[in-house]
Amino acid sequence: MSIRKTGLTIFLLPILCLSSPAIEHWNQFRGPAEDGKTNNTGLPTEWAEDKNVVWKTPLQGKAWSSPVIWGNRVWVTNANAEGTQLSILCIDTSDGKVLYDKLLWKVENPQFCHAFNSYASPTPVLEEGLVYLSFGSPYTACLKASSGEVVWKRTDFTCDHFRGAGSSPIIHGDSLILNFDGADHQFVVALDKVTGKTLWKTPRSVDYQDLDASGKPKRGGDMRKAYGTPLIVKTAEGKDVLVSAGAMALYGYNPATGQELWRVETIGTHSTSCRPVAGLGMVYATMGFSKGILLAVRPDGKGHVTESHVAWSYNKAAPRKPSVLIKDDLLFMVDDGGVATCLDARTGLEIWKERVGGNFSASPIMAGSMIYLFDESGKGTVLAADRTFKVIATSELDDGCMGSPAVAGDMLILRTKKALYGLREQ
293 MSIRKTGLTI
303 FLLPILCLSS
313 PAIEHWNQFR
323 GPAEDGKTNN
333 TGLPTEWAED
343 KNVVWKTPLQ
353 GKAWSSPVIW
363 GNRVWVTNAN
373 AEGTQLSILC
383 IDTSDGKVLY
393 DKLLWKVENP
403 QFCHAFNSYA
413 SPTPVLEEGL
423 VYLSFGSPYT
433 ACLKASSGEV
443 VWKRTDFTCD
453 HFRGAGSSPI
463 IHGDSLILNF
473 DGADHQFVVA
483 LDKVTGKTLW
493 KTPRSVDYQD
503 LDASGKPKRG
513 GDMRKAYGTP
523 LIVKTAEGKD
533 VLVSAGAMAL
543 YGYNPATGQE
553 LWRVETIGTH
563 STSCRPVAGL
573 GMVYATMGFS
583 KGILLAVRPD
593 GKGHVTESHV
603 AWSYNKAAPR
613 KPSVLIKDDL
623 LFMVDDGGVA
633 TCLDARTGLE
643 IWKERVGGNF
653 SASPIMAGSM
663 IYLFDESGKG
673 TVLAADRTFK
683 VIATSELDDG
693 CMGSPAVAGD
703 MLILRTKKAL
713 YGLREQ
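Just so we're on the same page, my numbering is the position in the sequence shown counted from 1, plus 292.
Pasting the structure below:
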């Protein structure tokens, strides 16, 4: 190891996530197919500081963004604890060597960020030769992947994230699409990925029902914020839909124009963080923070579809931060308090629910028939992706994970609170 110091069964047609590269590059939050799954095999099932660690690269600052990978390079965003310096690192996946560590922007008066969050929590998205990233309202940019040189940047978005940003950007065609759900402004925006210019901007439409007697939002707009990352799906009719979770509503938009197509309202569920996932003709979205609820929604509706297009809901152990996984007709998830659950993805019926322990922010990933969970203390758990609950292995590292893991070939790339790891069976 080297250490560097720098109810009824519902029959539906399948729905497909878009733009999975022919060669698997873990190029965005939750991977190439946007679902937390990899086709790669041979990943390690056990590790420790002195076992199956190919390299470990310490990271300064405080940042919860997840690593993204293209070829033999991995990128992570970073920030100092005060939020005055925003940066990006590029690291060689073969040996953990830092290829560049580039300061991108200095923020004179950072917004408040809750201690549980960081000033660099959104995850970048990659295309060949380019890195697109966002730190929320202070800074959004396109960089040359080879050097970190800025191609274009935007520093003009107005959004009070209230407790820090968390929504990651996505690419669709020629657009870079971002959620901005703050206490003051809530909207989705598409940028020309070549120039950074705004193509469209659509305000959220839900009635938050949070005004006090003077007509101002209660709690300073706390109930209006959200941290979710959008998802592009294709309906059975072949139409693209941008699925975006905000506070108190899940939306479907036309990704070309920003026109709202449909809305499912979940009044009272603020601070949505999980990224939706698609399968079996439905979109599965976990809504809310103080009271989480998992919805299975048919994405082909029009207008207000809360009563007509929600196939089922589940609220017994729904996660608030970790996103869910789909395998065939099974849905797997772990909630923030360490309860793992398997549901029938068609009906929402519970198949098993078991406590694995720990507290979770990172989203799980699936490799073949195995599910990888990483908690906030440093414990890793590998489960069987099966109708029967089975723990395959547990492991420990020095620090825990806030961001989600990535995969490069037969290597797990794992960001803990203080380091980036390359884990491989040895």
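A virtual CB, placed ideally from N, CA and C, is assigned to each residue, including glycine.
Return the CA-CA distance between A657 and Y664, expressed in angstroms with no decimal places. For clarity, residue 657 is Ile in the given sequence; the question names Ala instead. I657 and Y664: Cα-Cα distance of roughly 5 Å.
Considering Cα atoms alone, identify which of A610, A677, K485, G428 is closest to L422. It is K485.
Where does R679 fall in DSSP's three states? Looking at R679 - three-state DSSP - the assignment turns out to be coil, as it is neither helix nor strand.
When the Cα atoms are used, what is the spatial distance from G334 to P568? In this structure, the alpha-carbon of G334 lies about 27 Å from that of P568.
Per DSSP, the bridge partner or partners of S605: For S605, the beta-bridge partners assigned by DSSP are L587.
Using C-beta distances below 6 Å, list every residue in its chain close to K354, excluding the 5 sequence neighbours before and after it, in chain order. Annotation for K354: A373, S410 place their beta carbon closer than 6 Å to its own, counting only its chain and skipping 5 residues before and after.
Within 10 Å of its beta-carbon, does H601 have 16 or more other beta-carbons around it, so buried, or fewer, so exposed? Answer is buried; the Cβ neighbour count reaches 16.
Can the beta-carbon of T432 be found closer than 8 Å to that of S438? No.
Extent of the continuous beta strand (DSSP E) run through H464: If you look at H464, you'll find it in the beta strand (DSSP E) that goes 462-464.
Grouping DSSP H, G and I as helix and E and B as strand, with all else coil, what is D473? The answer is strand: DSSP assigns D473 an E or B state.
Report back the beta-carbon spacing between V390 and T450 to the nearest angstrom; my notes put them in contact at under 8 Å. Wrong, their Cβ atoms sit about 34 Å apart, outside the cutoff.
Thinking C-alpha only, which one of D691, L483, L572, N471 is nearest G465? Among D691, L483, L572, N471, the Cα nearest to that of G465 belongs to L483.
Take L317 and list the residues in its own chain whose beta-carbon comes closer than 8 Å to its own, dropping the five residues that flank it on each side. Before going on, a small fix: residue 317 reads as His here, not Leu. Excluding positions up to five away in sequence, the list reads P324, I361, W362, G363, L418.
Residue span of the beta strand (DSSP E) that contains M658, given as start and end: Looking at the DSSP string, the run of the beta strand (DSSP E) that includes M658 is 657-659.
Span separating the alpha-carbon of V347 from that of H453: Contrary to the premise, residue 347 reads as Trp rather than Val in this sequence. In this model, W347 and H453 are separated by some 35 Å (Cα to Cα).
Report the partner residues of V399 according to the DSSP bridge assignment. Answer by DSSP bridge pairing: none, since V399 is not bridged.
Please check the pair P547 and S467, which I expect to be a contact at CB under 8 Å, by giving their CB distance rounded to whole angstroms. With a Cβ gap of about 7 Å, P547 and S467 count as contacting.
Starting from the Cα of A700, find the closest Cα among N471, P522, V525, G388 and give me that residue. Looking at the Cα atoms, G388 is the closest of the given residues.
What is the DSSP secondary structure of V353, counted as helix, strand or coil? Checking the sequence shown, residue 353 turns out to be Gly, not Val. Taken through DSSP and simplified to helix, strand or coil, G353 comes out as coil.
Could you give the distance in angstroms between the alpha-carbon of L503 and the alpha-carbon of Y545? L503 and Y545: Cα-Cα distance of roughly 26 Å.
Can we say the stretch 582-599 touches the stretch 334-343, given the rule of at least three CB pairs closer than 8 Å? Verdict: no, contact absent.
Residue range of the beta strand (DSSP E) that includes G593: From DSSP, G593 is part of no beta strand (DSSP E); its letter is neither H nor E.
Excluding the 5 residues preceding and the 5 following L491 in the sequence, name in chain order all residues of the same chain whose CB lies nearer than 7 Å to its CB. Annotation for L491: S467, A482, L483, D484 place their beta carbon closer than 7 Å to its own, counting only its chain and skipping 5 residues before and after.
Report yes or no: do the stretch 589-599 and the stretch 622-636 share at least 3 C-beta pairs separated by less than 8 Å? Judged by pairs of C-beta atoms under 8 Å, the stretch 589-599 does not touch the stretch 622-636, as fewer than three such pairs exist.
Which word fits V683, buried or exposed, when buried means at least 16 other C-beta atoms lie within 10 angstroms of its C-beta? The residue in question, V683, is exposed, as its Cβ has fewer than 16 Cβ neighbours within 10 Å.
Does the beta-carbon of P697 have 16 or more other beta-carbons within 10 angstroms, so that it is buried, or is it exposed? Under the 10 Å beta carbon count, P697 is surrounded by 16 or more other beta carbons and is classified as buried.
Which residues in the same chain as E557 place their Cβ atom closer than 8 Å to its Cβ, once the five residues preceding and following it in sequence are excluded? Residues of the same chain with a CB within less than 8 Å of the CB of E557, apart from the 5 flanking positions on each side, are V498, M540, A541, H596, T598 in chain order.
Selection from N332, G328, T376 that minimises the alpha carbon distance to S358: Of the listed residues, the one whose Cα sits closest to S358 is G328.
Which residue from Q551, G513, K531 puts its Cα closest to that of H477? With distances taken between CA atoms, H477 lies nearest to G513 out of Q551, G513, K531.
I'd like the ranges of any beta strand (DSSP E) spanning at least 3 consecutive residues and lying wholly in the stretch 319-381. Along the stretch 319-381, the beta strand (DSSP E) occurs as fully enclosed runs of 3 or more residues at 345-350, 360-362, 365-371, listed in sequence order.
Short Cβ contact (8 Å threshold) for W356 with M703: In this structure, M703 does not lie closer than 8 Å to W356 by Cβ.
Short of 7 Å in beta carbon distance, which residues of its chain neighbour F479, apart from the five on each side in sequence? Order them along the chain. Shown here for F479: same chain residues with a beta carbon closer than 7 Å to its own, the five before and five after excluded, namely F472, K493, T494, P495, R496 in chain order.
Contained alpha helix (DSSP H) runs [length at least 4] in the stretch 463-528, N- to C-terminal order: If we require 4 residues or more, the stretch 463-528 turns out to have no alpha helix (DSSP H) run fully inside it.
Any idea what DSSP makes of S687, helix, strand or coil? S687 falls in the strand class under three-state DSSP.
Would you list the residues sitting across from M694 in a DSSP beta bridge? Per DSSP, none; premise fails for M694.
Just the Cα atoms here: how many angstroms apart are T415 and Q320? Answer to the nearest angstrom: the Cα atoms are 7 Å apart.
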